[in-house]
DNA sequence: TCCCACCGCTTGCTTTTTGCAAGTGATGGA
DNA sequence: TCCATCACTTGCAAAAAGCAAGCGGTGGGA
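Residue numbers (our numbering), protein chains in the order written: chain S, 158 to 302; chain B, 158 to 302.
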């Protein structure tokens, strides 16, 4: 299950983005890091969607190869590895926010806060605040889980 | 290659969005409709990335099943089918714009307009204008190719 | 009317990826 | 030393992607 040479299908920026992120798992890992402040293999593994270990390993390597995350040995516990977002990864936050916003309105089962989501969809300031806060949270040093 | 029952992996809006759109082709089809004003099977087929006919059929059905596009027989030429975006599909434009913006800066080969893209990334008004114009272009009646 | 090009789509097949379960070597604490 | 836990591998079956060829229906031209 190699994380091999990423061949670009075209020069289109959207296509290039999807070459890196166009699957069901990569952006969920980024979501875990951004929204849930996860940094460890076992934490990603414990997410509700239930990723398999081999897929997780592959995606983490791919994301690292694509410069979106970086992996370092945990200074506090050398048994585990800390995964953190790079600048390139933090820059994905607006994509995540738009996907979340769209999903809340159009792809959700829980129609509870659909109206709230729709309002937020139109309220650019609110969305910008969300993006700013998340970004700040990701560029500062991470707290332990 | 059935476009069968879409099982949701979790209730997370991002996960729900990716259940529908998390692959290498779906969003490219939406891009073709939004950015390049494509409406026909053969037009999608002709895109630079080179999608196969069976995959295209599957994705079009899946997108229709997900309420993102609708297909009708072309009133002007009953041999072909017109694919158009629904409101739900048009609402994906901000996602596309963010993916494009990110891709231009971080995933591109052509570093030509990377600075311009980075400026645009910060300039929320410009991005909003792009989104507005694209959205208006998609909600009005489509011109012929 | 007959023929033919073109439309979206299907089929058959191989290759690649995913998903699942079990196992592995390294590490650190008791 | 023993043992739990860490990230990660491996083996195998199922699903999806990719490729090439073919198919039925339509409309236009002769």
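For every residue, glycine included, the Cβ atom is placed at its ideal position computed from N, Cα and C.
DSSP places residue 186 (chain B) in the uninterrupted alpha helix (DSSP H) bounded by 183 to 192. Between residue 231 (chain S) and residue 263 (chain S), the C-beta gap is not smaller than 9 Å, which leaves the two residues out of contact. Nearest Cα to residue 186 (chain S) within the set B:219, B:189, B:191 and B:172: B:172. Taking the CA atoms as reference points, residue 214 (chain B) sits about 20 Å from residue 192 (chain B). Residue 255 (chain S) is classed as buried because its beta carbon has at least 16 other beta carbons within 10 Å across all chains shown. For residue 221 (chain B), the nearest beta carbon of chain S is not closer than 9 Å to its own beta carbon. Secondary structure in the stretch 182 to 260 of chain S: the beta strand (DSSP E) runs of 3 residues or longer, each lying completely within the stretch, are 226 to 230 and 238 to 242 in chain order. Only residues of its own chain outside the window of five on either side were considered, and among them 177 have a CB closer than 6 Å to the CB of residue 223 (chain B), listed in chain order. Below 8 Å, enough C-beta pairs join the stretch 281 to 296 of chain S and the stretch 242 to 254 of chain S to call them touching: three or more. Restricting attention to S:209, S:210 and S:194, the CA atom closest to the CA of residue 296 (chain S) is found in S:194. Look at the stretch 178 to 192 of chain S: the residues with a C-beta under 7 Å from a C-beta of chain B are 179, 180, 181, 184, 185 and 188. Inter-residue distance for residue 241 (chain S) and residue 205 (chain S) is about 20 Å (C-alpha atoms, whole angstroms). In the structure shown, residue 164 (chain B) adopts coil according to DSSP, grouped into three states. The Cβ atoms of residue 287 (chain S) and residue 184 (chain S) lie no closer than 9 Å to each other.
The Cβ of residue 252 (chain S) sits closer than 9 Å to at least one Cβ of chain B.
At least one beta carbon of chain S lies nearer than 9 Å to the beta carbon of residue 171 (chain B). With a threshold of 9 Å between beta carbons, residue 209 (chain S) makes no contact with chain B. For the stretch 226 to 257 of chain S, the beta-carbon criterion of a distance under 7 Å to any beta-carbon of chain B is satisfied by 245, 248, 249, 251, 252, 253, 255, 256 and 257.
Counting of Cβ neighbours within 10 angstroms places residue 280 (chain S) among the exposed residues, the total staying below 16. Annotation: residue 227 (chain S) to residue 285 (chain B) spans about 32 Å, alpha carbon to alpha carbon. Between residue 164 (chain B) and residue 272 (chain B), the alpha-carbon positions lie close to 41 Å from each other. Within a 10 Å sphere around the beta-carbon of residue 179 (chain S) sit 16 or more other beta-carbons, which makes this residue buried. Between residue 174 (chain S) and residue 257 (chain B), the CB-CB gap stays under 9 Å.
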